[in-house]
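Counting the sequence shown from 1 gives a position; my numbering is that position plus 50.
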Amino acid sequence: MPGLEDLYREIILDHYKSPRNRGTLEPPAIRTEGHNPLCGDEIEVYIAVDNDIVSDIKISGQGCSISQSSASMMSAAIKGKPVAEVRALIHRFKHMMSIEDVEEPDTSAPLGDLEALQGVVKFPVRIKCAVLAWNTLAEGLDTAAQ
Ligand code: ZN
Numbered sequence: 051m052p053g054l055e056d057l058y059r060e061i062i063l064d065h066y067k068s069p070r071n072r073g074t075l076e077p078p079a080i081r082t083e084g085h086n087p088l089c090g091d092e093i094e095v096y097i098a099v100d101n102d103i104v105s106d107i108k109i110s111g112q113g114c115s116i117s118q119s120s121a122s123m124m125s126a127a128i129k130g131k132p133v134a135e136v137r138a139l140i141h142r143f144k145h146m147m148s149i150e151d152v153e154e155p156d157t158s159a160p161l162g163d164l165e166a167l168q169g170v171v172k173f174p175v176r177i178k179c180a181v182l183a184w185n186t187l188a189e190g191l192d193t194a195a196q
């Protein structure tokens, strides 16, 4: 009977080896990029927003297993979701990652596989890896809202 940590490691590895929604989107899709110089992670997030719904998302870039699997899980979690729900999930994820300045989130946004990343909190230097894609996504949503 594998422990929860093994299960979590398996989910992270699965997303790292078979990343979801990999690729790019053509304009007018929004493209934002993020870097984590501490680790060398680079992420590009492409989102298409139609009628306040994130209708499509693609991820490009390279980096460590945590940054890449977090981006993959994020893409799977938010594709087809209303922007408000996506923002709630960003908030909730950052809260799970113990980022300061984030208040107790709306827990109705389900984390699903993303819970696999909660073990990262034990390794503060890796938190930036896990949050990179999410910050990049938030920037893209802000651009979409303008
Ligand atoms: Zn990293």
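Beta carbons are placed, not taken as given, at the ideal position from N, Cα and C, and that holds for glycine.
Review point. Under the rule that 16 or more other beta-carbon atoms within 10 Å means buried, what is F143, buried or exposed?
Key: buried
Check your understanding: Is I109 closer than 9 Å to V99 when the C-beta atoms are compared?
Key -> no
Check your understanding: Quick one: any contact between the region 109-126 and the region 77-91, if contact means 3 or more CB pairs under 8 Å?
Key -> yes
Check your understanding: Who pairs with P132 in a beta bridge, going by DSSP?
Key -> I103
Review point. Which whole-angstrom value describes the C-beta separation of A183 and A126, a residue pair presumed to lie in contact below a C-beta threshold of 8 Å?
Key: Contact doesn't hold; Cβ gap of about 12 Å is too wide.
Review point. How many angstroms separate the CA atom of I103 from the CA atom of L54?
Key: 33 Å
Practice item. In the DSSP assignment, find the unbroken beta strand (DSSP E) run with T82 in it and report its ends. Key: 80-86
Review point. Can you name, in chain order, every residue of its own chain whose Cβ lies under 7 Å from the Cβ of I128, other than the five neighbours on each side?
Key: V104, I107, V136, L139
Exercise for review: List the DSSP bridge partners of R70.
Suggested key: Paired residues: none, contrary to the question.
Review point. Around the C-beta of G162, are 16 or more other C-beta atoms found within 10 angstroms, so that it is buried, or is it exposed?
Key: exposed
Exercise for review: Starting from the Cα of H204, find the closest Cα among I62, P77, G113 and give me that residue.
Suggested key: This structure gives no information on residue 204, because the portion of the chain shown stretches from 51 to 196.
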